[in-house]
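Residue numbers (the working numbering): 23 to 430.
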Amino acid sequence: MGIAMVVSIQFQNGVLARYPDAVQELAVFALASGVFGFFNASQGFVAQLSNVYARSPVGTKRCYQFVCFVGLALMLLLAGIANTSYGLAFLQFAYGIDATLAGKICEYLILLAPVVFLHGQRHFVNGLLVQAGLTGLVTSANFVYLGLLIAALVIGLSLGLPAPLVLVGSDALAALVQLALLLWLYRTRYQLPTKADHDRVSYAELAGFFIPVATTGVMFALSRPVLYAFVARSPDGLVIIAALRVAFDFAAMFQQATNQFRHFFITFGWTQLRSKRRFMLLVGGGLTLVMLLIGFTPLAQWLWLQPMGIPANLQRLSVEAFIVLCCMPACILVRNYYHGYLMVVRRTAGMAWASILRVAAIYLYAQWLFAMGLLDHRTAAFGLILGFMVEAVVVGALARRQQRLLAA
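Written out as structure tokens, the structure is:
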């Protein structure tokens, strides 16, 4: 399910690569996605919220009301940035770009604002279906989303429509159809757990769970923009950002697979750890091996760069950055192992602090490299790895501390 969502981004990049000024189109979309991701990242954790708390009629109702409030607030904030002179000035300052480039970013953000709310609705129903063990149906719905998105991208490109309308419109259309399908599956196949739980859950408790875990997503969404903000100030900034966008998005397919271990521990519990660790190692090792094969063999050309139509001047940079990112599955695996424990025992505040320290480490690293004149596509990619390493160490220490407290 997670991989299917990231596959859609590869097609978006492939469409952008076919516009006349592909480098600028990819770079602008990367910068716009960075801003959008800051507001949208928390919505990815709505599925965990509904999985944990929507286990009774009252719990489901309050959980949904909470999700709607958060989605509307985020949508309005993003719309404010996209439609005001203050937002334009903020983009210029944050990325170190001129007003023309900032205006192109705003063209995306105006269209993306309602998508934030739409994604929250989609993830809420996804979490309910995962809770009921209907992951096969969720996967099928994701492939429907992917198929519609690809079709809409191809049609929009063939009609010669502007890139923002093609990219955002195809995503919104596919997400609406997927949401309708998920709602139909919910009404026809979903059943509440036999043992009702959280029938007295309060909005404060929902916020207490959601805000820390959502902060980890928001901090992840900040990781790329922090790097882009320094890279954009270098002489070849747009080219490097475009290459990083391509490499980061392709590597994200492998990262998403390991990200699903959050659901793994919530659904199956913190038991039989030896078997679960072995399974996690097999998954992580397999993903890393595939990434290495792609990075160091012609598979990168056959499976990735040529089908997407990536310009020749970006191909080498993208592959070199991707090779650095081969360490990503291992870092994500360790981090999510401890995330899983903290979510099971509902002590998620540590996740938020660890993710904040991740972004702080990336910022300090990027600032140091920029000052030394050493920031390029490879060192920027390693900055992302370094941030996750710091987060994994911190969240691991917090989880072990929590285990000792519970044992005492």
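Just so it is clear, CB atoms sit at the ideal spot from N, CA and C, and this is done for glycine as well. Note that the structure is predicted; figures quoted are calculated from it, not measured.
Per-residue DSSP class, three states only, for residue i
i: V223; result: coil
i: A273; result: helix
i: L396; result: coil
i: Y41; result: coil
i: L156; result: coil
i: P257; result: coil
i: A421; result: helix
i: I263; result: helix
i: R77; result: coil
i: Q294; result: coil
i: I384; result: helix
i: T319; result: coil
i: P333; result: coil
i: I407; result: helix
i: G308; result: helix
i: I13; result: Beyond the ends of the chain as shown, which are 23 and 430, falls residue 13; an answer cannot be given.
i: Q278; result: helix
i: T106; result: coil
Which listed residue (the options) has its alpha carbon closest to that of residue i
i: V50; options: I127, L321, A218 and V199; result: I127
i: E342; options: T310, A421 and V268; result: V268
i: C349; options: R211, V188, R40 and A273; result: A273
i: V367; options: I345, L133, A196 and A421; result: A421
i: A44; options: F146, Q389, P184 and F287; result: P184
i: S377; options: V37, A173, A63 and A226; result: A63
i: R222; options: A76, R369 and V92; result: A76
i: V240; options: Y41, G36 and V57; result: V57
i: E129; options: T293, I172, L113 and A218; result: L113
i: R380; options: F301, L408, A279 and V176; result: L408
i: V417; options: A197, S340 and P234; result: P234
i: A116; options: P247, A322, L150 and S107; result: P247
i: S78; options: G66, L347, G125 and L214; result: L214
Beta-carbon proximity check, residue i vs residue j, cutoff 8 Å
i: F74; j: L168; result: Per the sequence shown, the amino acid found at residue 74 is Val instead of Phe. In this structure, L168 does not lie closer than 8 Å to V74 by Cβ.
i: I354; j: Q282; result: no
i: L406; j: S245; result: yes
i: A371; j: V412; result: no
i: C85; j: L228; result: yes
i: Y250; j: A52; result: yes
i: M330; j: Q46; result: no
i: L170; j: A135; result: no
i: A374; j: F252; result: no
i: H399; j: L260; result: no
i: R255; j: G118; result: yes
i: L131; j: A218; result: no
i: L159; j: L207; result: yes
i: F286; j: G178; result: no
i: L204; j: R299; result: no
i: Y225; j: L150; result: no
i: R369; j: A414; result: no
i: V190; j: L98; result: no
Exercise. Counting only runs that start and end within the segment 345 to 377, where is the alpha helix (DSSP H) found for 4 or more residues in a row?
Worked result: Correct list: 350 to 366.
Exercise. What residue ranges within the segment 161 to 236 form continuous alpha helix (DSSP H) runs of no fewer than 4 residues, ordered along the chain?
Worked result: 185 to 211, all fully within the segment 161 to 236.
Problem set entry | Runs of alpha helix (DSSP H) wholly within the segment 125 to 152 (minimum 4 residues, chain order) | Runs of the alpha helix (DSSP H) inside the segment 125 to 152: none found.
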